[in-house]
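Engineer: Numbering (my numbering), first residue to last: 4 to 108.
1. Could you please give me the residues that DSSP links to residue 69 through a beta bridge?
2. One question on the structure: do residue 83 and residue 94 come within less than 7 angstroms of each other, judged by their Cβ atoms?
3. What are the partner residues of residue 28, as DSSP defines its beta bridges?
4. Taking the beta strand (DSSP E) that residue 76 belongs to, which residues open and close that run?
5. My output table needs one value for residue 4: the three-state DSSP class, helix, strand or coil.
6. Determine, using beta carbons only, whether residue 103 and residue 76 come nearer to each other than 7 angstroms.
7. How would you label residue 52, buried or exposed, when you count the other beta carbons within 10 angstroms and need 16 or more for buried?
8. Whole-angstrom Cβ separation of residue 80 and residue 92, contact assumed at under 8 angstroms?
9. Can you tell me the Cα-Cα spacing of residue 58 and residue 98, whole angstroms?
10. For the putative contact between residue 49 and residue 63, defined by C-beta atoms under 8 angstroms, what is the C-beta separation to the nearest angstrom?
11. Check this for me: beta carbons of residue 46 and residue 69, under 7 angstroms apart or not?
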């Protein structure tokens, strides 16, 4: 698992091998999602790690830039890897998400 925190890694359950067929079949869907991002107008909270070894930060930046939401936040985790809620920054991410959600009820 791509988790920096040893405690989080010990608790994480993951595939031994990445199932590539579903990923490959998702490509047309992902293209549609990217094209539809400007249609999103609801508040959006995005969390991503600068140290993510699986998903490039550019993906989160693209989502942030292309959604039409007036209220949007991009949270950068500084100490975590890919599985954010099982890693070092999880408490800060959850707290930030709760504050964001409370502001937009």
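Cβ atoms here follow ideal geometry from the backbone N, Cα and C, with glycine treated the same way.
Structural biologist: In short, the structure shows the following:
1. Along the chain shown, read from residue 1 onward, the residue named residue 69 stands at position 66. The secondary-structure analysis by DSSP pairs residue 69 with nothing; it has no beta-bridge partner.
2. The sequence position of residue 83 within the chain shown is 80, counting from 1. The sequence position of residue 94 within the chain shown is 91, counting from 1. Contact flag unset, no.
3. For this step, residue 28 is matched to residue 25 along the chain shown. Per DSSP, none; premise fails for residue 28.
4. In the chain shown, residue 76 corresponds to position 73, counting from 1. Counting along the chain, the beta strand (DSSP E) containing residue 76 begins and ends at 75-80.
5. As a first step, residue 4 must be located in the chain shown, where it is residue number 1. Assigned with DSSP and collapsed to three states, residue 4 falls in coil, not helix or strand.
6. Here residue 103 is taken as the residue at index 100 of the chain shown, counted from 1. Here residue 76 is taken as the residue at index 73 of the chain shown, counted from 1. With respect to residue 76, residue 103 sits close: the two C-beta atoms are nearer than 7 angstroms.
7. On the chain shown, position 49 is the one that residue 52 refers to. With 16 or more other Cβ atoms from the protein chains shown falling within 10 Å of its own Cβ, residue 52 counts as buried.
8. Within the chain shown, the letter at position 77 stands for residue 80. Within the chain shown, the letter at position 89 stands for residue 92. So it is a contact: roughly 4 angstroms between Cβ atoms.
9. Walking along the chain shown from the start, residue 58 turns up at place 55. Walking along the chain shown from the start, residue 98 turns up at place 95. Going by the C-alpha atoms only, they are around 23 angstroms apart.
10. Taking the chain shown and counting its residues from 1, the one referred to as residue 49 is at position 46. Taking the chain shown and counting its residues from 1, the one referred to as residue 63 is at position 60. Contact holds; Cβ gap of about 5 angstroms.
11. Numbered from its first residue, the chain shown carries residue 46 at position 43. Numbered from its first residue, the chain shown carries residue 69 at position 66. Not a contact, by the Cβ cut-off of 7 angstroms.
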